[in-house]
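Heads up: the sequence shown begins at 68 in this note's numbering, then just goes up one per residue.
All residues carry an ideal CB built from backbone N, CA and C; glycine is no exception.
Down below is the structure, laid out as structure tokens.
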Amino acid sequence: MRTDTTDPAHEARAAKVREYYRLVDAADVPGLIALFTEDAVYRRPGYPPMRGHQGLRAFYTGERVIARGRHTVTSLLVEGERSAVTGVFEGVLKDGSEVSLEFADFFVHRDDDQRFRQRDTYFFAPLV
């Protein structure tokens, strides 16, 4: 995993991203929601944009099709207020099927506390 630390805020942003994956894999919904600003927007294929803490909570406690699993981050790059991640997710869906897929996440951080203002997720899976 590569992290650019030429700016003091870079390591703080990278740490926030790593913390996100730790919390989502632990199913700590309150903890992971706290990493986002109150007006954050999260976009991912197949869902309308999730807005704010309420939208994130609805997704992570009900709409999300993943039952459990683990994210492995293979690259993490920080540039200014943005972080980019690639990795692999392996887990079990709510229907009991096992899944292993590559993903890419893009985060936009708020300057003062590094919380996420925006997150976009993409999967390397055939959909069209």
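Linking F190 to R80 through their CA atoms gives a straight-line distance of about 22 Å. Residue pairing by DSSP places A192 in no beta bridge whatsoever. S167 is bridged by DSSP to E157. Under the DSSP assignment, E105 falls in the beta strand (DSSP E) whose first and last residues are F103 to R110. No Cβ-Cβ contact shorter than 9 Å links V132 with R118.
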